[in-house]
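Here's the structure, in structure tokens; my notes come after.
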Amino acid sequence: MRLITNPADLPRTRGLFVPTMGALHAGHAALVRAADAMRTQYQTSPPIIISIFINPTQFNDPKDLARYPRTLEADINLCEQAGGRPDDIIFAPEVETIYPSPPKRPTPVPPLPKVATEPRLEDAHRPGHFAGVCQVVARLFQLINPAAAIFGEKDWQQLQVIRAMTAAARAAGQIQPDIIAAPTIREAGGLAMSSRNIFLSPAEREQALALSQALCDASAQITPAAAEQAMRSRLESAGLGPGIQYAAVRHAETLQPLKNPDTVPTPPTPSTPYRALIATKVGSIRLIDNAAWPAR
Ligand code: AMP
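Position 132, counted from 1, in the sequence shown is what the numbering used here calls 133; the numbers after and before it change by one each time, with no gaps.
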């Protein structure tokens, strides 16, 4: 793989793009493998471009940004093991490259879609986060001009925001990549992999298992209200009650609440079921997780 920092060295062929903030783990490796598997769909067998950029504008907590893990050497190895070819690229730009001051040419950032501002999920608990995510993704798309970009379902609301952002840009006549979703990769006990998991103490790691267990409990309930109650009960039993930010069942795409949470819902269409989503603090670490609801 080639490590580059200068956008002028990016390939001309429209590649398969995996945006990350580094500190890569098996979840990221799965995105690279998904990109590798997609190459055959293109006549050009395009290169994979993995960006490693800790985007300052999406952090609403300066301490979180300061302590975000930085592991570039290990990240390169992991990408090579996940199917990276010699012509694949790790793009690790400087902040000044992404946000030159003064800007060299404007980055078209469409207005934030409703799914980034209305659901009262991540948008409520991380003000400004999706504005930063949309800003950096639009800028990276502008520099890389990928054919497709792969995002993890782990960050479900982010995935919906990116889909809505690219749909709006496409409707406005801009060339946009296909947005591909990859399923969440979990540790053996069910904990969703995250770059922040390394900050969990052994006791917190044990408590954190309650997130995936809560999603599992929710999937056995037949109404959204019962599912939300089941998630809360599980998190509270694990001692996570005070840290709960949300434990909600929503429409999978819009992330709007269901109209009648006490009744058994009909899926809007088979391909857009509902989603159960959780955010909770475990000690000082904020974790999120989600799953299809009810279980498919
Ligand atoms: P991050 O480096 O945390 O910004 O994540 C970069 C990409 O990896 C995003 O599309 C995430 O949704 C995805 N990702 C992070 N953790 C996982 C996971 N456990 N399984 C699948 N994808 C993940």
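Beta carbons: idealized from backbone N, C-alpha and C, even for Gly.
Just so it is clear, the structure is predicted and the values come from calculations on it, not from any experiment.
Is the segment 115-123 in contact with the segment 68-80, if contact means three or more CB pairs nearer than 8 Å? The segment 115-123, when compared against the segment 68-80, does not touch it at the 8 Å Cβ threshold.
Looking at the structure shown, is P114 part of a helix, part of a strand, or coil, going by DSSP? In the three-state reduction of the DSSP assignment, P114 falls in the coil class, being assigned neither a helical nor a strand state.
For the ligand AMP, I want to know if A226 counts as a neighbour, meaning its beta carbon is within less than 8 Å of at least one of the ligand's heavy atoms. The nearest non-hydrogen atom of the ligand AMP is 8 Å or more from the C-beta of A226.
Option nearest Q136 by Cα separation, candidates A125, L241, P114, M194: Answer by Cα proximity: P114.
Report the residue from I286, G242, G28, A93 whose alpha carbon sits nearest the alpha carbon of S202. Distance check between S202 and each of I286, G242, G28, A93 places I286 closest, using alpha-carbon atoms only.
Heavy atom of the ligand AMP less than 8 Å from the Cβ of Q136, yes or no? For Q136, the Cβ stays outside the 8 Å cut-off from all heavy atoms of the ligand AMP.
So F131 packs on V96, CB below 8 Å; how close in whole Å? Separation of the CB atoms of F131 and V96 is rounded to 19 Å, and the pair is thereby denied contact status at 8 Å.
Assuming the contact rule is C-beta atoms closer than 8 Å, A248 and R276 should be a hit. Round their C-beta distance to whole Å, please. With a Cβ gap of about 12 Å, A248 and R276 do not count as contacting.
Return the first residue and the last residue of the beta strand (DSSP E) that R287 is part of. In the DSSP assignment, R287 falls within the unbroken beta strand (DSSP E) covering 286-294.
Quick one: any contact between the segment 179-195 and the segment 44-62, if contact means 3 or more CB pairs under 8 Å? Touching, no.
Rounded C-alpha distance that separates A204 from G240: Inter-residue distance for A204 and G240 is about 11 Å (C-alpha atoms, whole angstroms).
How long is the line joining the alpha carbons of V19 and M39, rounded to whole angstroms? Taking the straight line from one Cα to the other gives about 12 Å.
Give a single yes or no on whether E123 has its beta carbon closer than 8 Å to a heavy atom of the ligand AMP. Placement of the Cβ of E123 at a distance of 8 Å or more from every heavy atom of the ligand AMP is found.
What residues in its chain sit with their C-beta under 8 Å from that of E154, if we drop five residues either side in the sequence? Closer than 8 Å at Cβ, skipping near neighbours: L160, A182, A183, P184, T185, N291.
Does the beta carbon of D156 sit closer than 9 Å to a beta carbon anywhere in chain B? This model lacks chain B altogether; it includes just one protein chain.
Is it buried or exposed, Q177, if we count other Cβ atoms within 10 angstroms and call 16 or more buried? It is buried - the Cβ of Q177 has at least 16 other Cβ atoms within 10 Å.
Mind checking whether the beta-carbon of S196 lies closer than 8 Å to any heavy atom of the ligand AMP? Answer for S196: yes, Cβ within range of the ligand AMP.
Could you name the residues of the same chain whose beta carbon sits closer than 6 Å to that of L4, not counting the 5 residues immediately before and after it, in chain order? Cβ within range, chain order: I91.
Roughly how many whole angstroms lie between the Cα atoms of S195 and I289? One C-alpha to the other measures close to 9 Å.
Going by beta carbon distance, what residues of the same chain come within less than 6 Å of P348, once the five residues before and after it are set aside? Given a span of 2 to 297 for the chain in the structure shown, any question on residue 348 remains unanswerable.
Alpha helix (DSSP H) segments (min. 4 residues) lying fully within the segment 218-243: The qualifying runs are 225-238.
Nearest candidate by alpha-carbon position, reference Q42, set G133, A228, R15: Distances from the alpha-carbon of Q42 to those of G133, A228, R15 put R15 closest.
Indicate the three-state DSSP secondary structure (helix, strand or coil) for H126 in the structure shown. Reduced to three states, the DSSP call for H126 is helix.
Could you tell me whether any non-hydrogen atom of the ligand AMP is closer than 8 Å to the CB of R68? No.
Taking 8 Å as the cut-off, does the segment 212-232 touch the segment 45-60 (at least 3 CB pairs, one atom from each stretch)? Counting Cβ pairs under 8 Å, fewer than three are found: no touch.
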